[in-house]
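Residue numbers (our numbering): 632 to 789.
Ideal Cβ positions, reconstructed from N, Cα and C, are used throughout, including at glycine.
What follows is a set of notes on a single structure, which appears directly below.
Structure representation (structure tokens):
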């Protein structure tokens with residue numbers, strides 16, 4: 632049982648790290664010396680410059696979804712530890728699972744909106760590709776859902 636709890640906590644912390652990195656790092660869209668993310672556009676040339684991102688409504692929706700996913704995941708981890716010590720024997724971690732599933736759905740929504748609408752912000756060029764932070768956001772989605780489902784299924788034992 633201890634190994635199961637440790638595995639669940641490691642999975643949750645992994646999801647949390649993926650969400651933090653994908654939200655913060657400036658590598659959602661890469662084009663040669665240019666990198667764009669949710670917050671700023673940077674050039675890595677001789678004068679390193681960063682400009683604020685666009686104020687498009689869809690980009691603000693992506694920003695909100697990514698921030699909500701981080702908040703829900705942190706709240707879910709906190710609730711897991713609280714329920715671990717207060718839940719009665721045989722009880723399920725429903726609240727923890729629901730918040731983790733919400734985190735997964737938020738990151739999926741944000742990444743999907745970005746996938747569909749990023750050409751409104753940057754012209755699609757041949758050399759433009761998705762960066763590693765974008766890929767980490769999509770990787771966090773199934774892991775967060777799996778973690779949430781495990782929380783819902785999990786029962787507390789003594």
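- By Cβ distance, which residues of its chain are closer than 6 angstroms to residue 615, with the 5 residues on each side in sequence left out? Outside the shown range of the chain (632 to 789) lies residue 615, about which nothing can therefore be said.
- According to the Cβ coordinates, are residue 768 and residue 734 closer than 8 angstroms? Residue 768 sits at position 137 when you count from the first residue of the chain shown. Residue 734 sits at position 103 when you count from the first residue of the chain shown. For residue 768 and residue 734, no; Cβs fall outside 8 angstroms.
- Within the same chain, show all residues whose beta-carbon is closer than 6 angstroms to that of residue 703, passing over the 5 residues directly before and after it, in chain order. Along the chain shown, read from residue 1 onward, the residue named residue 703 stands at position 72. If we look at residue 703 and ignore the five residues flanking it on each side, its Cβ neighbours are 730, 733 and 734.
- Query: Per the contact definition of three or more C-beta pairs closer than 8 angstroms, is the region 714–726 in contact with the region 735–747?
  - Reply: no
- Does the pairing of the region 693–701 with the region 709–716 give three or more beta-carbon distances under 8 angstroms? no
- Might you give, ordered along the chain, the residues of its own chain that have their beta carbon closer than 7 angstroms to the beta carbon of residue 749, omitting 5 neighbours on each side? Start at 1 with the first residue of the chain shown, and residue 749 comes out as number 118. Only 660 meet the Cβ criterion.
- Cutoff 7 angstroms; reference residue 770; Cβ partners in own chain excluding five residues on either side: As a working mapping, residue 770 is identified with position 139 in the chain shown. Cβ neighbours of residue 770 beyond the five flanking positions: 649.
- Message: Once the 5 residues before and after residue 759 are set aside, which same chain residues still bring their CB inside 8 angstroms of it?
- Response: Position 128 of the chain shown, counted from the first residue, corresponds to residue 759. Correct list, in chain order: 660, 661, 662 and 753.
- Task: Would you mind working out which of 781, 666, 788 and 670 sits nearest residue 717, comparing C-alpha positions?
- Result: For the purposes of this step, residue 717 is taken as the residue at position 86 of the chain shown. Of the listed residues, the one whose Cα sits closest to residue 717 is 788.
- Message: For a test of the three-state rule: what should DSSP assign to residue 748, helix, strand or coil?
- Response: One-based indexing of the chain shown puts residue 748 at position 117. Residue state, collapsed to three classes: helix.
- Please go through the same chain and pick out, in chain order, the residues whose beta-carbon is closer than 7 angstroms to the beta-carbon of residue 632, but skip the five residues on each side of it. Against the chain shown, residue 632 aligns to sequence position 1. These residues qualify, in order along the chain: 788.
- Item | Spatial distance of residue 715 from residue 645 (CA atoms) | In the chain shown, counting from the first residue as 1, residue 715 sits at position 84. In the chain shown, counting from the first residue as 1, residue 645 sits at position 14. Their Cα atoms are separated by approximately 19 angstroms.
- Less than 8 angstroms separating the beta-carbons of residue 642 and residue 654? Here residue 642 is taken as the residue at index 11 of the chain shown, counted from 1. Here residue 654 is taken as the residue at index 23 of the chain shown, counted from 1. Not in contact: residue 642 and residue 654 (Cβ atoms no closer than 8 angstroms).
- Query: Grouping DSSP H, G and I as helix and E and B as strand, with all else coil, what is residue 731?
  - Reply: Position 100 of the chain shown, counting from 1, holds the residue named residue 731. In the structure shown, residue 731 sits in a helix (DSSP, three-state: H, G or I).
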